[in-house]
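Per my numbering, residue -8 is the first one in the sequence shown, and the count goes up by one each step. For glycine and all other residues, C-beta sits at the position ideal for the given N, C-alpha and C.
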Amino acid sequence: MKPKVFIAKPIPQEVEEFIAKHCDYKIWREVEPIPEDILLKEIADVEGLMTPKGIITEDLLSHAPHLKVVSNIAVGYDGFDIEAMKKRNVIGTHTPYVLDEAVADLVFGLILSTSRRIVEFDRYVKDGEWSFNLDSQEYFGKDVHHAKLGIIGLGRIGEKIVRRAKLGFEMDVLYYNRSRKRDLEEKYDAQYRNMNDLLKESDFVVLMLPLTEATYHTMGKEQFASMKRDAIFINCSRGQVVDELALIEALENNEIRAAGLDVFEIEPVQKDNPLLKMKNVVTLPHIGSCTENTRFDMAMKAAENLVAAVTGQVPPNVVKELQ
C-alpha cells in the first residue's frame, strides 16, 4: 500500500508523475493559495505534505497525526515551528542549491537597475518625458564596474554573487560572515571585513542572510547611517532582516543613494508603504527563484525529499535543526 501525501500547490506534470509512482496523493490545483480550513482537512490522514514556503505550526501538526515529513518547496524554512516538529517527530526538508544561480542573477539585476536607474528611466521614456538632452548631472547614474561590493552573509548564493562581481564586473569584493571563506579570498581576492568597516567602504551593500532570531533587523538605523551617502542597498534574502522604517528614513534623508528590494517585512507589501513611491527604489514581488527551470528543479527536489521520507529513506535535504 502506497503512503498518502498531499501536495498544496500545482506542480509540473513530470514531478507529479514521479510522486505518483511512489505515493497515493491529492493535490491543490488552483493558482490561489489553499485556504487553511481545506488544508487542515486534507492532511488529516497523510504521511507527507509538500508545500510552498510552509507555515508549520503546532495547530497544523495537531490536525495531521500521521505526518512524517513536511517538504518545503523553498530553500528558506523560517515558517517551521522547529520545536513543535521535533516534539511530534516530523522532519522538514527544503530545496537548497537549485535556486542559487537564479537569485544571484536577480541580485545583479537589482544592482544594475538601481545604479543605472533603468526602471526610473524606462518610465521616463514611456511617459513621453524624453524631450531634451540628459546631460545634467541630476540624470547621472552610478558605475557598477570596478566599484566595491560588500556582501553581508556569504553562503551559497553569496558565493555566486562574488563570482559575477569579480569576473563579470571586475569589482572589489568585501564580505562579512560568521566564518572566514579562505577559498574565496584566494580565488577571487575577496576581502573579509567586520560589518561596520564593510558598510563604510562599500559602494553596494548586498544582504544575503537567512531569517533567524539572531539576524532579525540586522540592518537598522545605525547600519544605514554608516553607509556611504552614494551607496546602494540590495536585499534579496528576507524582509525582516531589515528594519524597514530605518531604511525608509535613510532614503528620505538621503543617507544612502538608492535601494533594490525583492523582499519586505510584510508580504505582499502594503499599498501605502512609502518605498513604493520612491523613484530611487526598485521593488520586486519576491521573485528570486522565479524562472521556469529553477521552479521545476525546486519542485522536483521537494518531491524527491517527500518520497524518500515516506518510503523509509533518509531525504537528501533535511533542515539541519531537524536532522
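| Check | Outcome |
| --- | --- |
| Three-state secondary structure assigned by DSSP to Ser170 | coil |
| Boundaries (first-last residue) of the alpha helix (DSSP H) holding Gly149 | 147 to 154 |
| Segments assigned alpha helix (DSSP H), at least 4 residues, entirely inside the stretch 172 to 233 | 173 to 179, 186 to 192, 212 to 217 |
| Cut-off 6 Å between Cβ atoms - residues of its own chain near Ile2, not counting five sequence neighbours on either side | Ala290 |
| Beta carbon of Leu158 nearer than 9 Å to that of Tyr179 | yes |
| CB contact flag (Ile47, Gly70, <9 Å) | yes |
| Terminal residues of the alpha helix (DSSP H) in which Thr285 lies | 283 to 301 |
| For Asp163: DSSP bridge partner residues | Lys139 |
| Other residues of its chain near Leu103: CB distance less than 8 Å, five sequence neighbours each side excluded | Ile109, Val135 |
| Start-to-end residues for the alpha helix (DSSP H) that takes in Lys17 | Where Lys17 is concerned, there is no enclosing alpha helix (DSSP H), although the beta strand (DSSP E) it sits in stretches over 15 to 18. |
| Contact set for Asn308: own chain, Cβ-Cβ below 7 Å, skip 5 residues either direction | Thr84, His85, Thr86, Pro87, Lys292, Asn296 |
| For Val319, three-class secondary structure by DSSP | This structure gives no information on residue 319, because the portion of the chain shown stretches from -8 to 314. |
| Proximity winner among Cys14, Leu198, Lys0, relative to Pro(-6) (alpha-carbon distances) | Cys14 |
| The stretch 196 to 213 touching the stretch 224 to 237, judged by at least three CB pairs closer than 8 Å | yes |
| Continuous alpha helix (DSSP H) stretch holding Lys(-5): start and end | Here Lys(-5) belongs to no alpha helix (DSSP H); instead the beta strand (DSSP E) covers -5 to -2. |
| Pairwise C-alpha distance: Asn271 and Asp163 | 24 Å |
| Beta-carbon proximity list for Thr317, same chain, < 6 Å, skipping 5 on both sides | The shown model of the chain, from -8 to 314, leaves out residue 317, and the question about it has no answer. |
| Opposing strand residues paired with Ile82 [DSSP bridges] | Val60 |
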